[in-house]
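Here the structure is laid out as structure tokens; the discussion comes afterwards.
Residue numbers (the working numbering): 10 to 136.
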């Protein structure tokens with residue numbers, strides 16, 4: 010059975026969360042940082058699991074744009090310049106279903122790499 014299509018997608022800018030609401034009344038909020046570090050793009054995942062690139066310093070990342078891709082996905086543009094991930098409804102459902110396990114795995118990989126969620130240096134935003 011294919012994943013449900015959200016009836017509404019809303020970006021909560023201050024909370025940095027993407028809310029997916031469904032016709033059956035179900036609603037889920039996903040942190041933008043989580044969506045960014047689990048981007049389905051080849052830039053993040055590589056073309057093989059051994060080519061995946063650990064995303065660091067993404068704690069304060071936000072969204073610049075949400076663009077529909079046909080009837081099967083959305084393309085998210087992040088304010089750190091990353092905009093090549095296409096999030097299918099199935100992949101978003103997977104991220105919702107496995108959020109706790111995926112997040113714990115990410116934090117463990119960060120710790121093992123001696124890396125941080127905190128951004129490095131001074132962030133300069135375009136006006």
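Heads up, the beta-carbon is just placed ideally off N, CA and C, and yes, glycines get one too.
Close-in-space but distant-in-sequence residues of the same chain around residue i (CB under 8 Å, 5 per side omitted)
{"i": "residue 61", "result": "53, 54, 55"}
Integer-rounded CB distance, given that residue j should sit under 8 Å from residue i
{"i": "residue 41", "j": "residue 27", "result": "6 Å"}
{"i": "residue 79", "j": "residue 48", "result": "Not quite, the Cβ-Cβ distance comes to about 19 Å (not below 8 Å), so this is no contact."}
{"i": "residue 25", "j": "residue 66", "result": "Their Cβ separation, rounded to whole angstroms, is 14 Å, which puts residue 25 and residue 66 out of contact at 8 Å."}
{"i": "residue 12", "j": "residue 98", "result": "4 Å"}
Proximity winner among the options, relative to residue i (alpha-carbon distances)
{"i": "residue 34", "options": "17, 49, 25, 12", "result": "17"}
{"i": "residue 102", "options": "59, 89, 81", "result": "81"}
{"i": "residue 107", "options": "59, 57, 39, 70", "result": "39"}
{"i": "residue 100", "options": "59, 44, 113", "result": "44"}
{"i": "residue 50", "options": "96, 19, 68, 88", "result": "96"}
{"i": "residue 19", "options": "64, 57, 83", "result": "83"}
{"i": "residue 22", "options": "58, 88, 109, 59", "result": "88"}
Other residues of its chain near residue i: CB distance less than 6 Å, five sequence neighbours each side excluded
{"i": "residue 92", "result": "86"}
{"i": "residue 69", "result": "128"}
Sequence-distant residues of its chain with Cβ nearer than 7 Å to residue i (five each side left out)
{"i": "residue 15", "result": "29, 30, 31"}
DSSP bridge partner residues for residue i (one or two, in chain order)
{"i": "residue 38", "result": "28"}
{"i": "residue 77", "result": "83"}
{"i": "residue 63", "result": "DSSP output for residue 63 lists no bridge partner at all."}
**Report entry** Any 3 or more C-beta pairs closer than 8 Å across the stretch 114-131 and the stretch 72-85
**Finding:** The stretch 114-131 vs the stretch 72-85: no contact.
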